[in-house]
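Counting from 1 along the sequence shown, just add 31 to a position and that's the residue number in the numbering used here. Glycine is no exception: its CB is placed at the ideal position from the N, C-alpha and C atoms. Quick caveat, the model's predicted, so the values are computed rather than measured. To start, the structure itself, in structure tokens.
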Amino acid sequence: MKKYVVLLIAITISAFSFAQKTELKGAEKALKSNNFASAKTFIKSAEAMESSMDLKTLAKFYFLKGQAYYANGTGTNDDVKVALESFDKLNTTEEKSGKRVYSSKAAGIKQMMVNSFLEKAQTALESKDYTTSYTNFENVYRISTADTVF
């Protein structure tokens, strides 16, 4: 009887591991084809298994989540906030694991975000759309809280 319980637990754990990787691979493929809505769907289904992920898989999850919600600059302000939170969690996770795999890629995306937000903010400021300008400058600040120029 004890053997069956151990076997059942082992099968369950491997099934969760396989499901996590399947969801992340699906999100990765969707991101490569710029299908951000599909990537978000895969990410949302993988969120249910977030607590059982190992650090390596969790780092990849946060990286893909950040990419999916940023959507190459087409995401809403709420989506951008989720993306920034994901990238922050990515940095924390990779600090815990001691392996920096996705942080450099995330830093490149963050730099693209800063440039995009600055461009949008300046354009909005020139057209006297102060609300949009404020939102974009706030997003720049959220990305780099140490740099208070903007």
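Kindly list the residues whose CB is nearer than 6 angstroms to the CB of residue i, restricted to its own chain and excluding five residues on each side of it in sequence; keep chain order.
i: K71; result: A99
i: K120; result: Y93
i: G57; result: F73
i: A102; result: F67
i: E54; result: F73, S76, A77
Considering Cα atoms alone, identify which of the options is closest to residue i.
i: G97; options: S117, K87, Y172, A177; result: S117
i: K127; options: A177, V111, K87; result: K87
i: F151; options: E169, K136, S76, A138; result: The sequence shown places Lys at residue 151, rather than the Phe named in the question. Measuring from the Cα of K151, the nearest candidate turns out to be E169.
i: I140; options: A79, V111, M80; result: V111
Using three-state DSSP, classify residue i as helix, strand or coil.
i: M84; result: coil
i: T53; result: helix
i: N170; result: helix
i: N65; result: coil
i: T72; result: helix
i: S117; result: helix
i: V185; result: A question about residue 185 goes unanswered here, because the residues of the chain that appear run from 32 up to 181.
i: D160; result: coil
At least one CB of chain C closer than 7 angstroms to the CB of residue i: is that the case?
i: K141; result: In the structure shown, chain C cannot be found, because there is only a single protein chain.
In chain order, what residues of the same chain lie with their CB nearer than 7 angstroms to the CB of residue i, ignoring the 5 residues before and after it?
i: A90; result: L121, T124, E125, S128, V132, Y133
i: T166; result: N108
i: F49; result: Caution applies to F49, whose pLDDT of 45 falls short of 50 and renders its modelled position unreliable; the value that the coordinates give is listed next. Within the same chain, F49 has no close Cβ partners at all.
Just checking my contact of residue i with residue j at CB under 8 angstroms: how many whole Å lie between their CB atoms?
i: E59; j: L115; result: 20 angstroms between Cβ atoms; not a contact.
i: S175; j: V145; result: 7 angstroms
i: V171; j: L156; result: Not a contact, Cβ separation roughly 12 angstroms.
Among the residues of its own chain, which have a CB less than 8 angstroms from the CB of residue i, if the five just before and after it don't count?
i: R173; result: K112, L115
i: Y161; result: A155
*Is the number of C-beta pairs between the stretch 59-67 and the stretch 90-106 that are closer than 8 angstroms three or more?*
When C-beta atoms of the stretch 59-67 are compared with those of the stretch 90-106, three or more pairs fall below 8 angstroms, so the two segments count as touching.
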